[in-house]
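Here is the structure we will look at, set down as structure tokens.
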Amino acid sequence: MEAKTLFDKIWDGHVVRSIENGPDVLYIDRHYIHEVTSPQAFNGLKERGIPVFRPGKTIATADHNIPTKDQHLQIRDELSRNQVEKLSENCRKHGIELFGLNHPKNGIVHVIGPELGYTLPGMTIVCGDSHTSTHGAFGAIAFGIGTSEVEMVLATQCILQPKPKKMRITVNGNLQKGVTSKDIIMYIISEISTSGATGYFVEYCGSAIRSLSMEARMTICNMSIEMGARGGLIAPDETTFDYLKNLESPVNEWKKLQSDPDATFDRELEFEAGLIKPMITYGTNPGMGMAIDGSIPLSDNKKNEASSSFLKSLDYMGFEPGMKLLGHPVDYVFLGSCTNGRIEDFREFAHIIKGRKKAANITALIVPGSKKVEEQMVAEGLTEIYKNAGFEVRQPGCSSCLAMNEDKIPAGKYAVSTSNRNFEGRQGPGARTLLASPLTAAAAAITGKVSDPREFITQEKNV
Amino acid sequence: MPKVKFNTLESTCVPLPFENVDTDQIIPARFLSATSREGFGDNLFRDWRYKKTGEKNSEFVLNNPKFSGKVLVAGKNFGSGSSREHAVWAIFDYGFRAVVSSFFADIFMNNALNNGLLPIVIPEELQIKLQDLIQKNPAIKVKIDLEKQTFTIVSTGDSVRFEINPYKKECLLKGLDDIDFLLSMKNLITDYES
């Protein structure tokens, strides 16, 4: 039998039909929807006069445009309110389970899906959101789609999709103290660029990946899209099975979800975990990242002549080629998002701020990824640690990651952000984003400037 | 339901030579609160088109009367980032019918093909040459023939064959709809489920 990658095994097992010279008709096991990219798809069904084909396979949440304060009150922005109401109306009409605003299990779609046990190994998972790649951490094929494709899935539980090429990224070795999974993925993206994996589906392997918790693996898979990949996955193992232990788990079936030893990939990359330092971005795409104690490169290519795109990007950020960022003043810190809005992220941040105080010049947005994370923070005493250090914990949502709600960073201000994109205006028109891990964000929050988190970690153990 | 068709197009071009133009630039998130597909063209490249004061930024290409046309010529890695189909709706609504670049992000490419906006990949040298030619003479035209899969700069005669999935090509040429196609396979899908 032909050796297959894990990706091939799952994909091939979901092909309803292969169209000659065309895409595959791929069956979708789990479909997540949210308020922003679904309304036009439901309108499409209405125009066609057809129902949702398998409403039990779609799960909905409101997360992108909701406020993170006073969620019990009416949403102030009329368009956002309308969009959230439209989602409720569509879910009611079509019998789709909704974890909407004020539901006790509400949260960011890529946080609640795994949390509530809807994301499982071996599944095909889609959502009208590019960070759907997050769910690949469970050994699933998960990728973001457009609204026309959301309509396809609602109408037929299938999607037309060309099969991507396969890439394996192996990270071996031990991480240094103060280096997290966010730093691993930011390092990889800085090495291969924001389009380095376009056209590929990535499998992450190696001892450094194996040593990570499920939360940390989700952070890695989440940012696969930031190097252009269609998605990224990690073969399930004991860590995965342990995370899912409360479910009736067909563990013996899941154990088969591995790439065959002699399976071939279209491209292979290897990185050494021990070389990775805490990372920070200096430009306006996630590929423009460097070690926290490094200097901004002089150019974006080997010719040493900086391109106009590179200079435009640094100009937007208010930086110069060759500059160091350590010690640069920061105005805002954002902890949250589908990248770093899970309980482990709030524990890491707390590890650094405990017994310290927020710097006076910092405005902090501390936004749990879900109601469950919010509750767990209280139960573990984290909320108290945040309060004592001068931080206010908000209610769950996507918040300042894409600033669709009120949580905008003002023009010209610098934000150290645990989210996934540092695009121009992403966190508000004119906002300047420095992507980093929760540890690096915490270090900035207590010092008021870009700081090396390794100086604040007292334990020998990795946090 | 029939979709937009695409056969041939001859048009002047609008140059956008920057690399890595992400979908947040094409349509910023704060304009995604609508529940219909129409009207996004008004906010296409919003934060480049308008100054913070709300007035038009005369330096941005869409505000430069020298440049117009139905073809947007973009730098490499166009459409990266968010999966928002609103980016394609905005480009189409503004009046573009094709986007030419040396490299597109995957989701953007799929979204474009699903909306009758033809994404054309040309070699990087030709893309850079074309940007330069348009800057020097905004009146130059390009000719796109989907059936033959050719992209030609009319004045210079530079012509390249571009790739497109044969299924998608047929959909665009005939205005066929993916969902009609999938709905016609309901029996196969039900068989798969059992």
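Here the protein sequences line up with chains A and B, keeping their order. Per the working numbering, the very first residue in the first sequence carries number 1; after that it's consecutive. Per the working numbering, the very first residue in the second sequence carries number 464; after that it's consecutive. The C-beta atom is built at its ideal place from N, Cα and C for all residues, glycine as well.
- Exposure of residue 619 of chain B is indicated by the presence of fewer than 16 other C-beta atoms within 10 angstroms of its C-beta.
- At least one CB atom of chain A sits nearer than 9 angstroms to the CB of residue 498 of chain B.
- In this structure, residue 221 of chain A and residue 206 of chain A do not form a Cβ contact; the two beta carbons are roughly 14 angstroms apart against a cut-off of 8 angstroms.
- Going by DSSP, residue 305 of chain A is part of no alpha helix (DSSP H) at all; its letter is neither H nor E.
- For residue 607 of chain B, no alpha helix (DSSP H) encloses it; the enclosing beta strand (DSSP E) starts and ends at 604-608.
- In the DSSP annotation of this structure, residue 279 of chain A is not part of any alpha helix (DSSP H); the continuous beta strand (DSSP E) holding it starts and ends at 279-281.
- In the structure shown, residue 24 of chain A falls within a strand segment according to DSSP collapsed to helix, strand and coil.
- At a cut-off of 9 angstroms, the C-beta of residue 71 of chain A has no neighbouring C-beta in chain B.
- In the DSSP assignment, residue 338 of chain A falls within the alpha helix (DSSP H) that extends over 337-340.
- Distances from the alpha-carbon of residue 243 of chain A to those of A:266, A:262, A:212 put A:212 closest.
- When the five nearest sequence neighbours on each side are left out, the beta carbons in the same chain lying within less than 6 angstroms of the beta carbon of residue 500 of chain B are those of 552, in order along the chain.
- Chain A has a Cβ within less than 9 angstroms of the Cβ of residue 543 of chain B.
- In its chain, beyond the 5 residues on either side, 287 have a beta carbon closer than 6 angstroms to the beta carbon of residue 193 of chain A.
- Scanning B:591, B:585, B:528, B:561 for the CA closest to the CA of residue 577 of chain B turns up B:561.
- For residue 10 of chain A, the three-state secondary structure derived from DSSP is helix.
- DSSP places residue 172 of chain A within a strand segment (E or B) once states are collapsed to three.
- With a minimum length of 3 residues, the unbroken runs of beta strand (DSSP E) contained wholly in the segment 573-633 of chain B fall at 581-584, 604-608, 613-616, 622-624.
- Taking a 10 Å sphere around the C-beta of residue 299 of chain A, we find fewer than 16 other C-beta atoms and assign the residue as exposed.
- Residue-level contact check: residue 488 of chain B touches chain A, since one or more beta carbons of chain A fall below 9 angstroms from its beta carbon.
- As summarised for the segment 87-117 of chain A, the continuous beta strand (DSSP E) elements at least 3 residues long and confined to that stretch are 97-99, given in chain order.
- Looking only at A:313, A:443, A:388, A:310, the smallest Cα-Cα distance to residue 362 of chain A is reached by A:443.
- In terms of Cα proximity to residue 498 of chain B, the closest of A:22, A:90, A:28, A:27 is A:90.
- Separation of the CB atoms of residue 652 of chain B and residue 127 of chain A is rounded to 20 angstroms, and the pair is thereby denied contact status at 8 angstroms.
- Put simply, the backbone Cα of residue 608 of chain B is about 5 angstroms away from that of residue 471 of chain B.
- The C-beta of residue 519 of chain B comes no closer than 9 angstroms to any C-beta of chain A.
- As DSSP reads the structure, residue 513 of chain B sits in a beta bridge with B:519.
- For the segment 151-172 of chain A, the residues whose beta carbon sits under 9 angstroms from a beta carbon of chain B are, in order, 151, 152, 155, 156, 157, 158, 159, 160, 161, 162, 164.
- Contact annotation, residue 306 of chain A with residue 321 of chain A: C-beta distance approximately 6 angstroms; criterion of less than 8 angstroms satisfied.
- For residue 544 of chain B, same chain residues with a beta-carbon under 8 angstroms away, outside a window of 5 residues either side, are 485, 486, 487, 568 in chain order.
- Between residue 61 of chain A and residue 218 of chain A, the alpha-carbon positions lie close to 19 angstroms from each other.
- Within the DSSP secondary-structure output, residue 17 of chain A pairs in a beta bridge with A:25.
- In the DSSP assignment, residue 642 of chain B falls within the alpha helix (DSSP H) that extends over 641-646.
- Following the DSSP letters along the chain, one finds residue 210 of chain A in no beta strand (DSSP E) but inside the alpha helix (DSSP H) bounded by residues 207-210.
- Within the segment 150-203 of chain A, the runs of beta strand (DSSP E) at least 3 residues long that lie entirely inside it are, in chain order, 158-161, 165-172.
- Around the Cβ of residue 491 of chain B, a 10 Å sphere holds 16 or more other Cβ atoms; the residue is buried.
- Contact note: residue 483 of chain B reaches chain A through 194, 285, 309, using a C-beta cutoff of 7 angstroms and chain order.
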